[in-house]
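Visitor:
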Amino acid sequence: DAGVIQSPRHEVTEMGQEVTLRCKPISGHNSLFWYRQTMMRGLELLIYFNNNVPIDDSGMPEDRFSAKMPNASFSTLKIQPSEPRDSAVYFCASSLAWAELLAGAGNEQFFGPGTRLTVL
Amino acid sequence: QQQVKQSPQSLIVQKGGISIINCAYENTAFDYFPWYQQFPGKGPALLIAIRPDVSEKKEGRFTISFNKSAKQFSLHIMDSQPGDSATYFCAASSLGWAGSYQLTFGKGTKLSVIP
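For the protein sequence lines, the chains are A and B, in the order given. By the count of our numbering, the first sequence reaches residue 1082 at its end, each step adding exactly one. By the count of our numbering, the second sequence reaches residue 127 at its end, each step adding exactly one.
(1) Please determine if the region 16-35 of chain B and the region 1008-1019 of chain A are in contact, where contact requires at least 3 C-beta pairs separated by less than 8 Å.
(2) For chain B, is any of its Cβ atoms less than 9 Å away from the one on P970(A)?
(3) Am I right that T121(B) and Q21(B) are in contact with their C-beta atoms under 8 Å? What's the rounded C-beta distance?
(4) List, in order along the chain, the chain A residues whose C-beta lies closer than 7 Å to that of G55(B)?
(5) Which same chain residues, not among the five before or five after I126(B), have their C-beta less than 8 Å away from its C-beta?
(6) Considering only residues of the same chain and omitting the five flanking positions on each side of Y1010(A), which have a CB-CB separation below 8 Å?
(7) To the nearest angstrom, report how far apart Q13(B) and M90(B) are at their CA atoms.
(8) If you pair each beta-carbon of the region 1068-1077 of chain A with each one of the region 56-67 of chain B, do three or more pairs fall below 8 Å?
(9) Pick from F1053(A), E980(A), M1001(A): whose alpha carbon is nearest that of S1037(A)?
(10) Thinking just about the alpha-carbon of each residue, which of H88(B), S97(B), K119(B), I76(B) is nearest to the one in Y44(B)?
(11) Return the chain-ordered list of same chain residues with a C-beta closer than 6 Å to the C-beta of V1051(A), the five sequence neighbours on each side being excluded.
(12) Report the CB separation of K1040(A) from V981(A) in whole angstroms; it is logged as a contact under 8 Å.
(13) Which of the three DSSP states is assigned to G95(B) in this structure?
(14) Name the residue from E1024(A), R984(A), S1035(A) whose alpha carbon lies nearest to the alpha carbon of R1047(A).
(15) S22(B) bridges to which residues according to DSSP?
(16) Is M1001(A) buried or exposed, if buried means 16 or more other CB atoms sit within 10 Å of its CB?
(17) Quick one: Cα of E71(B) to Cα of I60(B), how far?
(18) Check the Cβ-Cβ distances between D1018(A) and every residue of chain B, and say whether any is below 9 Å.
(19) Which stretch, first to last residue, makes up the beta strand (DSSP E) that contains Q968(A)?
(20) From what residue to what residue does the beta strand (DSSP E) around S1037(A) run?
(21) Do you know how far the Cα of L123(B) is from the Cα of G978(A)?
(22) Using alpha carbons as the reference points, say which of E1045(A), S1056(A), S1057(A), R984(A) lies closest to E976(A).
(23) Which value, in whole angstroms, describes the spacing of the CA atoms of P64(B) and H991(A)?
(24) With DSSP collapsed to three states, give me the class of P1046(A).
(25) Using the beta-carbon count (16 or more within 10 Å), is E973(A) buried or exposed?
Pasting the structure below:
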């Protein structure tokens, strides 16, 4: 398996522009997580999905952020309009959900390589 | 509210020494405690994890010690090597109502192992 795939790996944009980050989870995983990492705040969970349904978006900083998961193999995180304080590394992670966990499978989250976003 | 507190923020250890990173949690509902390792430019990757029914788990040079009554757990890296230089995150979670483990991460510890 190729692991979690994220694109782009690097994004530089100007304040006010729309930014879309993309994620392809590991095949067979049905939980997907979006994180943001900064030096000041560490790793923050933004939102997570189970079976394509958003479960908890309490970590989404404000209405400028939105996330979708139209199918089991694709998710997007959109920032519109972007601001310099959104500059960070954004990670997507996937894992098995509870049915598999209760059956004894590991509950490891597999992280993608991240997207480094710079908003000028 | 920070639910997982990690210390130290940075750590320098000589090759062959023991690296110790500590974490404390508040939520007694947590039932899964993993440690993640992150190298520069990479995403975090699971290193080792423990459940509260045991007090210690060892995998090679890496050991988790868990103290349920004190709500603390720690990572010990024996015979530390320069290749262990990375940022280490402790985390904690419980099975959510929707059936997923939502991880709460500590702030991270940057470990540097010097030759």
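Every residue, glycine too, gets a C-beta built ideally from N, C-alpha and C.
Guide: Inspection of the coordinates gives the following:
(1) no
(2) Sequence index remark: in the first sequence, residue 970(A) carries index 8 (1-based). No, because no Cβ of chain B sits closer than 9 Å to the Cβ of P970(A).
(3) For the purposes of this step, residue 121(B) is taken as residue 109 along the second sequence, with counting starting at 1. For the purposes of this step, residue 21(B) is taken as residue 9 along the second sequence, with counting starting at 1. That belief holds up - the Cβ atoms of T121(B) and Q21(B) are roughly 6 Å apart, short of 8 Å.
(4) As a first step, residue 55(B) must be located in the second sequence, where it is residue number 43. What G55(B) touches in chain A: F1053, F1073, G1074, P1075, G1076.
(5) By 1-based counting over the second sequence, the position of residue 126(B) is 114. So the list reads I24, V25, Q26, K27, P94, once near-sequence residues are dropped.
(6) Locating residue 1010(A) in the first sequence gives position 48, where the first residue counts as 1. Counting only Cβ-Cβ distances below 8 Å, and skipping sequence neighbours, we find S993, L994, F995, W996, P1016, I1017, D1018.
(7) As a first step, residue 13(B) is located in the second sequence; it is residue number 1 there, counting from the start. As a first step, residue 90(B) is located in the second sequence; it is residue number 78 there, counting from the start. Reliability fails at Q13(B), whose pLDDT of 47 lies under 50, so the model's placement of it is uncertain and the value that follows must be treated cautiously. Rounded to whole angstroms, Q13(B) to M90(B) spans 32 Å at the Cα level.
(8) yes
(9) Against the first sequence, residue 1037(A) aligns to sequence position 75. Out of F1053(A), E980(A), M1001(A), F1053(A) has the C-alpha closest to the C-alpha of S1037(A).
(10) The residue given as residue 44(B) occupies position 32 in the second sequence. Here the closest residue by C-alpha is I76(B).
(11) Within the first sequence, the letter at position 89 stands for residue 1051(A). Q999, G1076, R1078, listed in sequence order.
(12) On the first sequence, residue 1040(A) is found 78 positions in, with the first residue counted as 1. On the first sequence, residue 981(A) is found 19 positions in, with the first residue counted as 1. The pair is a contact, with the Cβ atoms about 7 Å apart (cut-off 8 Å).
(13) Here residue 95(B) is taken as the residue at index 83 of the second sequence, counted from 1. Looking at G95(B) - three-state DSSP - the assignment turns out to be helix.
(14) In the first sequence, counting from the first residue as 1, residue 1047(A) sits at position 85. Residue E1024(A) is the option with its Cα nearest to R1047(A).
(15) Numbered from 1 along the second sequence, position 10 holds the residue referred to as residue 22(B). Bridge partners of S22(B): K122(B).
(16) The sequence position of residue 1001(A) within the first sequence is 39, counting from 1. Flag for M1001(A) reads exposed.
(17) On the second sequence, position 59 is the one that residue 71(B) refers to. On the second sequence, position 48 is the one that residue 60(B) refers to. Straight-line Cα distance between these residues: approximately 7 Å.
(18) Counting from one through the first sequence, the residue named residue 1018(A) turns up at place 56. Yes, D1018(A) lies at the interface with chain B (some Cβ there is under 9 Å from its Cβ).
(19) Position 6 of the first sequence, counted from the first residue, corresponds to residue 968(A). Residues 967-969.
(20) Here residue 1037(A) corresponds to residue number 75 of the first sequence, with the count starting at 1. Element bounds for S1037(A): 1036-1041.
(21) Position 16 of the first sequence holds residue 978(A). Position 111 of the second sequence holds residue 123(B). G978(A) and L123(B): Cα-Cα distance of roughly 37 Å.
(22) Residue mapping note: residue 976(A) aligns to position 14 of the first sequence, counting from 1. It is E1045(A) whose Cα lies nearest to the Cα of E976(A).
(23) By 1-based counting over the second sequence, the position of residue 64(B) is 52. By 1-based counting over the first sequence, the position of residue 991(A) is 29. So the alpha carbons of these two residues sit roughly 25 Å apart.
(24) By 1-based counting over the first sequence, the position of residue 1046(A) is 84. Looking at P1046(A) - three-state DSSP - the assignment turns out to be helix.
(25) By one-based count along the first sequence, residue 973(A) stands at place 11. E973(A) comes out buried.
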